[in-house]
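Heads up, the thing below is written out as structure tokens.
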Amino acid sequence: MTHASTGPTVNGHRQIEAPALSITVGDTAPYTVDVVDAPITVGRGSEATIRIQDPRVSERHLRVESNGAHWALRDDGSTNGTYLDGALITARWVTDGLTVHLGDANGIPVTFSHQRRNPNDPGIARAGRAFAVRREEMGFSQRKLSDDNVIGQSNLVAFEKGRSWPRNNTLAKLEQAVGWPAGTLARIRRGGPIPTESAETATEVLTDSVRVSVFLDAIRLHLDDIKGRVSALPSESAPAFGPQAAELLTKLRQVQATAHEAAAGSKGPGIALLLSDIRRTYNDLIVRAAGALGAPLSHRLYAARHRAALTVEETANAAGVDAQTVADAEADRHVSPGDMAALESLIAQLAQH
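Residue numbers for the sequence shown follow our numbering, beginning at 245 and rising by one.
Structure representation (structure tokens):
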């Protein structure tokens with residue numbers, strides 16, 4: 245592989261497996277990815293893997309790629325550029341601890357860290373392998389567990405390959421997902437026996453109602469984790485508040501969508517109470533986010549509408565736009581400049597009452 249003057253290429257021959265990569269934007273929690281997740285996109289757009297709500301950042305700003313053995317980053321045709329040590333760059337090999345800035349030389353910092361296997365704890369690899377076997381026996385793909393908000397796919401890959409140990413609440417969700425008693429993975433890590441109950445037996449025991457109950461428990465654990473992170477947010481005046489709040493709001497929308505789907509197979513007040521808790525957490529956080537410096541239209545419109553107790557349709561009528569435009573604006577999707585101006589005008593009028 246040669247190093248071209250424009251930066252690294254990622255078409256070389258695979259020799260060794262690249263380590264998992266943690267990507268940290270400012271003071272936010274790191275986003276861990278594996279080779280199977282590449283390419284990773286960073287930007288302001290709704291389709292970005294890692295989304296940054298800052299006007300200096302383009303919708304498609306940075307692209308992180310892998311050739312299987314190494315990681316590389318490329319500026320994705322951004323307007324304001326990507327900088328390393330004050331110099332504008334177009335591409336760069338990713339080294340452990342590398343930090344680039346988006347938007348200008350002192351812009352949004354993005355730091356990359358390699359996540360290496362811990363050679364001093366082979367128990368992690370043992371537990372990861374055991375879980376992978378169990379998951380495959382039950383017919384669960386890695387993507388399914390990610391879609392069900394049990395664990396992110398890249399984090400699951402890292403665990404099953406022995407590179408990282410999940411948090412306690414994630415361990416509980418993993419064990420519930422495959423029908424293992426609480427604490428099983430920790431016991432396997434310490435050298436304990438691996439359960440030999442067949443997947444068929446476990447599946448028979450998990451009736452439809454039990455599956456839904458286990459699934460709802462996993463959602464509750466995920467919600468509790470998010471609420472803990474919400475309580476740890478800095479003040480609204482801190483520069484890190486906006487990006488961290490935006491990340492948590494995205495996670496809450498995902499949890500709400502998952503819980504809403506689960507409601508179709510659940511009876512009783514449990515799912516209703518869970519949905520209520522999710523929505524209350526979302527509403528409280530977005531009202532806080534709407535008051536932060538530089539808050540996007542999506543946050544301010546949602547907060548203004550809920551403070552005024554208006555439905556989407558009522559808000560659309562008041563602004564002179566259609567309901568889909570309001571829904572698009574609140575979801576941070578594209579709206580026309582004219583519709584945006586109408587919504588901004590409505591927000592200003594609602595603030596006066």
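Built from N, CA and C at the ideal position, the CB exists for glycine as well. Fair warning: this is a prediction, and the values are worked out from it, not measured in the lab.
Check, Outcome
"Under 8 Å between C-beta atoms of Val401 and Lys417", "no"
"Of the residues Thr334, Ala503 and Thr355, the one placed nearest Arg523, counting alpha carbons only", "Ala503"
"Three-way DSSP call (helix, strand, coil) for Thr293 in this model", "coil"
"Beta-carbon contacts of Arg370 that lie in its chain and below 7 Å, excluding the five residues immediately before and after", "Ile432 and Arg433"
"Own chain, CB closer than 6 Å to Glu380, minus 5 neighbours either side, in chain order", "none"
"Closest by C-alpha distance to Phe356, when choosing among Pro263, Gln386, Ala490 and Arg387", "Pro263"
"Cβ contact (3+ pairs, closer than 8 Å) linking the stretch 277-289 and the stretch 309-320", "yes"
"With 16 other Cβ atoms within 10 Å as the buried cut-off, status of Pro299", "exposed"
"Leu477 to Val499 span [Cα, whole Å]", "19 Å"
"Distance between Trp424 and Arg544 (C-alpha atoms, nearest Å)", "44 Å"
"Cutoff 8 Å; reference Leu519; Cβ partners in own chain excluding five residues on either side", "Gln500, Ala503, His504 and Ala507"
"CA-to-CA distance, Lys471 to Thr525, given in whole angstroms", "7 Å"
"Terminal residues of the alpha helix (DSSP H) in which Glu380 lies", "Pro366 to Glu381"
"Sequence-distant residues of its chain with Cβ nearer than 7 Å to Glu557 (five each side left out)", "Ala567"
"For Ser589, three-class secondary structure by DSSP", "helix"
"Sequence-distant residues of its chain with Cβ nearer than 6 Å to Thr447 (five each side left out)", "Note that Thr447 has pLDDT 47, beneath the 50 cutoff, so the model's placement of it is unreliable and the number below is only indicative. Hits under 6 Å: none found."
"Euclidean distance between Cα positions of Glu574 and Val565", "13 Å"
"For Ile395, three-class secondary structure by DSSP", "coil"
"Length of the line joining the Cα atoms of Pro540 and Ser290", "13 Å"
"Classification of Thr343 by the beta-carbon crowding that lies within 10 angstroms, buried from 16 upward", "exposed"
"Pairwise C-alpha distance: Asn350 and Thr339", "20 Å"
"Residue environment, Ser398, which counts as buried when at least 16 other CB atoms sit within 10 Å", "buried"
"Nearest-angstrom Cα separation, counted from Ala489 out to Gly535", "12 Å"
"Cβ-based burial, Pro366 [other Cβ within 10 Å; buried from 16]", "exposed"
"Per DSSP, the bridge partner or partners of Arg307", "Thr285 and Arg318"
"Opening and closing residue of the alpha helix (DSSP H) in which Leu477 lies", "Run containing Leu477: none; DSSP gives neither H nor E here."
"Extent of the continuous beta strand (DSSP E) to which Arg524 belongs", "From DSSP, Arg524 is part of no beta strand (DSSP E) but of the alpha helix (DSSP H) over Pro513 to Ala534."
"Val254, buried or exposed, once every other Cβ within 10 Å from all chains shown has been counted against 16", "Only weak support exists for where Val254 lies, its pLDDT of 40 falling under 50; the value from the coordinates is given anyway. It is buried - the Cβ of Val254 has at least 16 other Cβ atoms within 10 Å."
"Residues sharing a beta bridge with Tyr275, DSSP", "Ile267"
"Given Ala430 as reference, the closest of Gln359, Ile368, Ala548 and Gly341 once Cα atoms are compared", "Ile368"
"Rounded straight-line distance, which links the Cα of Ala560 to that of Asn527", "19 Å"
"Neighbourhood of Leu389 by C-beta distance below 8 Å, restricted to the same chain and skipping five residues each side", "Arg379, Ile395, Gln397, Leu400, Leu418 and Ala421"
"Through-space distance from Arg473 to Val449, alpha-carbon basis", "Note on Val449: pLDDT 43, under 50, position unreliable in the model; no value is reported."
"Sheet register partners of Ser302 (DSSP bridge)", "None, per the DSSP bridge assignment."
"Reference Arg497; option with closest CA among Arg551, Ile463 and Phe485", "Ile463"
"Residues near Met584 in its chain [Cβ-Cβ closer than 8 Å; skip 5 each side]", "Leu541 and Ala573"
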